[in-house]
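K.L.:
Here it is, the structure, as structure tokens.
In the working numbering, the protein residues as written are 1471 to 1886.
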């Protein structure tokens, strides 16, 4: 059929060649079946035309087998997530293929495709509690640090950790006094995430197996989650938020293992808390937060880019400052601060791992609320990991098996 202007494209047409953006990055691969939503996205990105195949090209008499039909339908759905990415990069191409195959298997098992993005949040009845003219980003974080309703257990753990004479037994004793925290920690430690050969039935045993620093980091991460229970549900679905965050934590730990890097518990907690700056923005600036979400949707751009456009800063900066004020480990703070821009912390492998873990979670459908775009990959961060893109399939498979179990450790099962 040849090249057609974007206004002449119709749903059902198939790309005859890779569709490249003005920056030279691949937007959609050859063989992609166009849909209304994809064509609309291409218009928004300023694409002027595309090469499409003639009817029947590549189709044996027009009778594609069912697997090919499912793959095409899945590809049309998944491709929208990757519009901000570079599909010519081997790692992103590998994730795209994994995501399409995963979606096709779900369709084959009878699971329907659901919209990636729910209707946007509403904040008409809420008032922003902070404005640029009232101070800088540090003032915004400082006000949250002072007002955050942290449970007493957080400060007790910090007190023990900050003491030069504290022991592993004291760490275990302090954590064990909080029954809710103990239950969540033990569920996590006994989940497939750790794959321990024997059941751990006490915090003292967990400290012996994992180490007091690791258990304390996990405990502090769980305590931090509890500081944000009062955000109105019309602004953000907190379960979906934490599901995405835990998926990032799982993939960060697995990528760290694949890359033979230390600090697996810290990587997991960094993943769980990587978007905590978004919660501060929702609490303090609900109107601005909603404006950023709609900007991201309307311009088909990642939310972190939209935040910078609307607010003048983005959630990684807020999250890093908050975790620094709460005295989390410096390496964890640095990773959270730079998880969208690891080049800002050159040579920091943990920031690079968290960057890739976030990309991986979104690519595979573990998306944060009101955001679906796979964040752009910094190639230098991927190079720092030293991984073969083929390893991502193994990491994805292992992560899928672990994420549901970990989410179940923190939340009741969904009602069907």
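Just so it is clear, CB atoms sit at the ideal spot from N, CA and C, and this is done for glycine as well.
Suppose contacts are defined by Cβ-Cβ distances below 8 Å. Is residue 1721 in contact with residue 1821 by that definition?
P.N.:
Along the chain shown, read from residue 1 onward, the residue named residue 1721 stands at position 251. Along the chain shown, read from residue 1 onward, the residue named residue 1821 stands at position 351. Contact: no.
K.L.:
Please state whether DSSP places residue 1675 in a helix, a strand or coil.
P.N.:
Position 205 of the chain shown, counting from 1, holds the residue named residue 1675. Helix at residue 1675.
K.L.:
Please look up how many angstroms separate the CB atoms of residue 1565 and residue 1854, rounded, as I've assumed it's under 8 Å.
P.N.:
Position 95 of the chain shown, counted from the start, is the residue given in the question as residue 1565. Position 384 of the chain shown, counted from the start, is the residue given in the question as residue 1854. Not a contact, Cβ separation roughly 17 Å.
K.L.:
Check the C-beta distance from residue 1844 over to residue 1549 and give it rounded, since I have them as a contact under 8 Å.
P.N.:
By one-based count along the chain shown, residue 1844 stands at place 374. By one-based count along the chain shown, residue 1549 stands at place 79. Their Cβ separation, rounded to whole angstroms, is 10 Å, which puts residue 1844 and residue 1549 out of contact at 8 Å.
K.L.:
Near residue 1659, which residues of its chain fall below 6 Å by C-beta distance, leaving aside the five closest residues on each side in sequence?
P.N.:
Taking the first residue of the chain shown as position 1, residue 1659 is located at position 189. For residue 1659, where only same-chain residues beyond five positions count, the Cβ hits under 6 Å are 1670, 1676.
K.L.:
Tell me, to the nearest whole angstrom, how far the beta carbon of residue 1483 is from that of residue 1490; I am working on the premise that it is less than 8 Å.
P.N.:
Counting from 1 along the chain shown, the entry for residue 1483 is found at position 13. Counting from 1 along the chain shown, the entry for residue 1490 is found at position 20. With 8 Å as the limit, residue 1483 and residue 1490 do not qualify as a contact, their Cβ atoms being about 17 Å apart.
K.L.:
Name the residue from 1877, 1567, 1481, 1848 whose alpha carbon lies nearest to the alpha carbon of residue 1715.
P.N.:
Along the chain shown, read from residue 1 onward, the residue named residue 1715 stands at position 245. Taking only the C-alpha atoms, the option nearest residue 1715 is 1877.
K.L.:
So, using beta-carbon positions, are residue 1540 and residue 1499 closer together than 8 Å?
P.N.:
For the purposes of this step, residue 1540 is taken as residue 70 along the chain shown, with counting starting at 1. For the purposes of this step, residue 1499 is taken as residue 29 along the chain shown, with counting starting at 1. Against a cut-off of 8 Å, the Cβ pair of residue 1499 and residue 1540 comes out as no contact.
K.L.:
Would you call the stretch 1764-1778 and the stretch 1702-1717 touching, i.e. three or more CB-CB distances under 8 Å?
P.N.:
no
K.L.:
Please classify residue 1800: is it buried, with 16 or more other beta-carbons within 10 angstroms of its beta-carbon, or exposed?
P.N.:
Counting from one through the chain shown, the residue named residue 1800 turns up at place 330. Exposed, since its Cβ has fewer than 16 Cβ neighbours within 10 Å.
K.L.:
Look up residue 1520 in the DSSP assignment and say whether it is helix, strand or coil.
P.N.:
Here residue 1520 corresponds to residue number 50 of the chain shown, with the count starting at 1. Residue 1520: strand per DSSP, three-state reduction.
K.L.:
If you run the structure through DSSP and keep just helix, strand and coil, what is residue 1529?
P.N.:
Here residue 1529 corresponds to residue number 59 of the chain shown, with the count starting at 1. The predicted model places residue 1529 with a pLDDT of 45, which falls under 50 and marks its position as unreliable, so this point remains unresolved.
K.L.:
For the beta strand (DSSP E) containing residue 1716, name the first residue and the last one.
P.N.:
Residue numbering aside, residue 1716 sits at position 246 when the chain shown is read from its first letter. Looking at the DSSP string, residue 1716 is not in any beta strand (DSSP E); the run it does join, the alpha helix (DSSP H), is 1708-1728.
K.L.:
Between the stretch 1755-1766 and the stretch 1774-1787, can you find at least three pairs of beta-carbon atoms closer than 8 Å?
P.N.:
yes
K.L.:
Would a C-beta distance cut-off of 8 Å place residue 1789 and residue 1746 closer than the cut-off?
P.N.:
Against the chain shown, residue 1789 aligns to sequence position 319. Against the chain shown, residue 1746 aligns to sequence position 276. Against a cut-off of 8 Å, the Cβ pair of residue 1746 and residue 1789 comes out as a contact.
K.L.:
Is the beta carbon of residue 1724 sitting closer than 8 Å to the one on residue 1819?
P.N.:
Position 254 of the chain shown, counting from 1, holds the residue named residue 1724. Position 349 of the chain shown, counting from 1, holds the residue named residue 1819. Not in contact: residue 1724 and residue 1819 (Cβ atoms no closer than 8 Å).
K.L.:
Identify the continuous alpha helix (DSSP H) that holds residue 1843 and give its terminal residues.
P.N.:
Reading the chain shown from its first residue, position 373 is the one you call residue 1843. First-last for residue 1843: undefined, no H or E at that position.
K.L.:
Count the other C-beta atoms from every protein chain shown that fall within 10 angstroms of the C-beta of residue 1837, then say buried if there are 16 or more, exposed otherwise.
P.N.:
For the purposes of this step, residue 1837 is taken as residue 367 along the chain shown, with counting starting at 1. Buried is the call here.
K.L.:
On the three-state DSSP scale, how would you describe residue 1472?
P.N.:
Taking the chain shown and counting its residues from 1, the one referred to as residue 1472 is at position 2. Residue 1472 falls in the strand class under three-state DSSP.
K.L.:
May I have a chain-ordered list of the beta strand (DSSP E) segments no shorter than 3 residues that lie completely inside the stretch 1733-1774?
P.N.:
none
K.L.:
Going by Cα to Cα distance, which pick from 1559, 1486, 1755 is closest to residue 1494?
P.N.:
Here residue 1494 refers to the residue found at position 24 when the chain shown is read from its first residue. When only C-alpha atoms are compared, the closest one is 1559.
K.L.:
Please work out which residues of its chain come closer than 8 Å, Cβ to Cβ, to residue 1873, disregarding the five sequence neighbours upstream and downstream, and give them in chain order.
P.N.:
Counting from 1 along the chain shown, the entry for residue 1873 is found at position 403. Cβ neighbours of residue 1873 beyond the five flanking positions: 1713, 1716, 1717, 1720, 1836.
K.L.:
Judging by CA-CA distance, which residue of 1808, 1473, 1672 is the nearest neighbour of residue 1646?
P.N.:
Within the chain shown, the letter at position 176 stands for residue 1646. Closest by C-alpha distance to residue 1646, out of 1808, 1473, 1672, is 1672.
K.L.:
Locate the beta strand (DSSP E) running through residue 1496, then write down its first and last residues.
P.N.:
Position 26 of the chain shown, counted from the start, is the residue given in the question as residue 1496. From DSSP, the beta strand (DSSP E) with residue 1496 extends over 1496-1498.
K.L.:
In whole angstroms, give me the CA-to-CA distance for residue 1680 and residue 1480.
P.N.:
Looking up residue 1680 in the chain shown gives position 210. Looking up residue 1480 in the chain shown gives position 10. Their backbone Cα atoms lie some 56 Å apart in a straight line.
K.L.:
For the putative contact between residue 1687 and residue 1739, defined by C-beta atoms under 8 Å, what is the C-beta separation to the nearest angstrom?
P.N.:
The sequence position of residue 1687 within the chain shown is 217, counting from 1. The sequence position of residue 1739 within the chain shown is 269, counting from 1. The Cβ separation is near 5 Å, so the contact holds.
K.L.:
For residue 1517, which residues from the same chain have a beta carbon less than 8 Å from its beta carbon, with the 5 sequence-adjacent residues on both sides left out?
P.N.:
By 1-based counting over the chain shown, the position of residue 1517 is 47. Within the same chain, residue 1517 has close Cβ partners 1476, 1489, 1491, 1497.
K.L.:
Under 7 Å Cβ to Cβ from residue 1533, same chain only, skipping five residues before and after it: list those, please.
P.N.:
The residue labelled residue 1533 in the question sits at position 63 within the chain shown. Only weak support is given to the placement of residue 1533: the predicted model assigns it a pLDDT of 32, under 50, and the value that follows is read from those uncertain coordinates. Nothing meets the Cβ criterion.
K.L.:
How big is the Cα-Cα spacing for residue 1752 and residue 1704?
P.N.:
The residue labelled residue 1752 in the question sits at position 282 within the chain shown. The residue labelled residue 1704 in the question sits at position 234 within the chain shown. Looking at the two C-alpha atoms, the distance is approximately 11 Å.
K.L.:
Leaving out five residues before and five after residue 1803 in sequence, what residues of the same chain have Cβ atoms less than 8 Å from its Cβ?
P.N.:
In the chain shown, counting from the first residue as 1, residue 1803 sits at position 333. Cβ neighbours of residue 1803 beyond the five flanking positions: 1790, 1793, 1794.
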